[in-house]
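My numbering numbers the first residue of the sequence shown as 68 and each following residue consecutively.
Glycine included, every Cβ here is placed at the ideal spot set by N, Cα and C.
For clarity, every value in this text was computed on a predicted model and none was experimentally measured.
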Amino acid sequence: MLMLKQIVESRWFHNFVITIILINGAVLGIETAKGLSTTAMNMLNWIDQLCLLIFVIEIVMKLLVYRLSFFKQGWNVFDFLIVAVSLVPATGQLSILRAFRIFRVLRLVTTVDSLRRVVAGMLLAIPGVGSVGALLAIFFYIGAVISTTLFGEAFPDWFGNLGRSMYTLFQVMTLESWSMGIVRPVMEEYPYAWIFFIPFITVTTFTVLNLFIGIIVDAIATVKEQDESSRLHQLSSKEDIDLIRQDLSAIRIQLDDLVNK
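Pasting the structure below:
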């Protein structure tokens with residue numbers, strides 16, 4: 068079991084799994100190409116099944132090593148579910164599951180440390196993002212009421228009601244044809260419309276959206292610090308174990324010397 072654990076936790080095994088995930092993703096993408104021969108499709112299907120078999124063996128090996136503690140980590144549960152769903156026969160009404168095989172590529176998130184930190188950071192940022200999202204919704208609602216009142220009569224397709232106004236303002240916020248497509252036509256009818264649109268863009272696009280980015284980046288940095296702290300703790304624990312082993316070896320040698328005397 069110790070040897071199996073060394074294999075599962077080794078760098079080469081880790082890289083091997085990443086390679087298989089990439090190969091499997093490439094195969095699933097190639098399968099969508101038009102005009103593939105029957106031989107090619109059979110070959111791709113065979114490679115896909117081989118990749119799935121390797122994933123199953125990987126999960127079984129980890130279950131043998133970690134047993135029930137395997138399920139204490141959310142990333143392991145995610146891997147287990149992805150592989151388990153892939154084992155369901157994709158026939159009949161379940162044939163739609165074939166399209167979801169590509170979700171196996173998401174296992175890169177659980178396998179590659181940098182990707183895992185990004186996802187963990189995004190999850191950690193949800194409360195902060197929710198607060199900023201609520202603030203953005205307030206600005207949108209205020210802007211929609213103002214724009215509907217001011218521009219709704221002349222531009223009913225864009226600002227005829229709150230829903231249309233919010234959708235139009237979303238387009239303005241994303242800077243998608245906001246000037247020539249929306250603001251300038253409105254300014255031809257209402258020359259001072261820029262007094263509304265410029266502050267709206269400044270607040271939503273350049274301030275609030277940057278807050279989203281800042282919160283997520285800060286959360287990712289926090290996750291990275293936690294990972295480094297955990298790694299240092301593991302290294303210190305390993306060093307302590309090595310020192311204990313050295314002390315035990317020295318004691319064993321001394322005992323052997325006493326016995327021989």
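Here DSSP, grouped into helix, strand and coil, assigns residue 98 to coil. When DSSP states are grouped into helix, strand and coil, residue 140 belongs to the coil group. No residue range can be given for residue 220, since it is assigned to no alpha helix (DSSP H) and is classified by DSSP as neither H nor E. Take the alpha-carbon of residue 148 and the one of residue 135: they are about 15 Å apart. The segment 230–250 makes contact with the segment 205–214; the number of CB pairs closer than 8 Å reaches 3 or more. Secondary structure at residue 192: coil, using DSSP grouped into helix, strand and coil. For the pair of segments examined, the segment 187–196 was found to touch the segment 287–294: the number of CB pairs separated by less than 8 Å reaches three. Per DSSP, the continuous alpha helix (DSSP H) segment holding residue 251 begins and ends at 251–256. In this chain, the alpha helix (DSSP H) harbouring residue 107 covers 105–133. Between residue 286 and residue 192 the beta-carbon gap is near 4 Å, inside 8 Å, which marks them as a contact.
Within the same chain, Cβ atoms closer than 7 Å to the Cβ of residue 279 are found at 196, 199, the five residues on either side in sequence being excluded. From the listed residues 150, 228, 288, the smallest Cα separation to residue 182 is found for 288.
The beta carbons of residue 275 and residue 206 sit closer together than 8 Å.
Rounded to whole angstroms, the gap between the alpha carbons of residue 74 and residue 102 is 41 Å. Under the three-state reduction of DSSP output, residue 186 falls in the helix class. Under a 10 Å Cβ-count criterion, residue 146 is classified as buried, with 16 or more other Cβ atoms of the shown protein chains found around its own Cβ.
Counting only residues of its own chain and dropping the five nearest sequence neighbours on each side, residue 121 has a CB closer than 7 Å to the CB of 87.
Cβ-Cβ separation between residue 92 and residue 155: approximately 19 Å, too far for a contact (criterion under 8 Å). In the structure shown, residue 266 adopts helical secondary structure according to DSSP, grouped into three states.
Per DSSP, the continuous alpha helix (DSSP H) segment holding residue 74 begins and ends at 69–75.
Residue 174: member of the alpha helix (DSSP H) spanning 174–178, first to last residue. Residue 247 is not a Cβ neighbour of residue 268, given a cutoff of 8 Å.
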